[in-house]
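Working notes for the structure below.
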Amino acid sequence: MEIKSRHHLRSDEIDELAASLADHLGIELDGDDYERVEFTDVDREVVLVDGEPLVASFDGDLFLTVRGANEYPPENHVVTVDSGAISFVSDGANVMRPGIVEATDDIEPGDLVVVVEETHGKALAVARADTSGDDMVGDSGKVLENLHHVGDDLYEFHV
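In our numbering, the protein residues as written are 1 to 159.
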């Protein structure tokens, strides 16, 4: 990912970002320095919080990255997968119902969610929901589109 530009966020932009993440995920983002990074080769923005890529745009929506979700574990918009799904999700596969053990009931179709593993609660991916949270556990069918995962270019991005 080749950097096109970097600039500091204004205080009102920081407040808006923090309020949005608090409202959607139940987290309190806490940083001293916020920078927006734009790229020439990918259609994505990243927000560096104290130099770490903790927030990124996904189809225009700002949301935690996998690193951000591990730094600030969300209370809402969380889908938990079993140990059998970890390697697939970490490789970028979409998430199927049989691998899901739990999903928060605040999830609606189209929402961004954090995918975590059940043993330690570590974030593995950011995905877009195809169905509501109360319809995610089941026997068959894709329910999450994997947008960002452990080991991808965004996860490996460092300034």
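Built from N, CA and C at the ideal position, the CB exists for glycine as well. Being a predicted model, the structure only gives us computed values, none of them experimental.
Nearest-angstrom Cα separation, counted from residue j out to residue i
| i | j | result |
| --- | --- | --- |
| serine 87 | alanine 127 | 15 angstroms |
| valine 55 | glycine 138 | 31 angstroms |
| proline 98 | serine 140 | 6 angstroms |
| valine 143 | aspartate 134 | 11 angstroms |
| histidine 161 | tyrosine 155 | Here the chain has residues from 1 to 159 only, and residue 161 is not among them. |
| aspartate 23 | aspartate 106 | 12 angstroms |
| aspartate 41 | lysine 4 | 9 angstroms |
| glutamate 102 | serine 132 | 12 angstroms |
| aspartate 203 | asparagine 146 | Residue 203 cannot be examined here, being either before or after the span of the chain that is shown, 1 to 159. |
| glycine 48 | leucine 112 | The displayed chain sequence assigns leucine, not glycine, to residue 48. Those two C-alpha atoms are separated by around 19 angstroms. |
| arginine 10 | glycine 151 | 31 angstroms |
Exposure label - residue i; buried when at least 16 CB within 10 Å
| i | result |
| --- | --- |
| threonine 80 | buried |
| valine 78 | buried |
| proline 53 | buried |
| valine 159 | exposed |
| isoleucine 100 | buried |
| arginine 44 | buried |
| glycine 51 | exposed |
Whole-number beta carbon distance between residue j and residue i, since they are thought to touch under 8 angstroms
| i | j | result |
| --- | --- | --- |
| glutamate 75 | leucine 25 | 7 angstroms |
| valine 66 | leucine 124 | 7 angstroms |
| alanine 129 | glycine 110 | 7 angstroms |
| serine 83 | glutamate 108 | Serine 83 to glutamate 108, Cβ: 27 angstroms. No contact. |
Taking three-plus beta-carbon pairs below 8 angstroms as touching, is the region 29-36 in contact with the region 93-113?
no
_Ignoring anything shorter than 3 residues, give me the beta strand (DSSP E) runs that lie fully in the region 44-80, in order along the chain._
Complete beta strand (DSSP E) runs here, min 3: 45-49, 52-58, 61-64.
### Query
If you scan the region 94-158 from start to end, which runs of the alpha helix (DSSP H) of 4 or more residues do you find wholly inside it?
Here the runs fully enclosed are 153-156.
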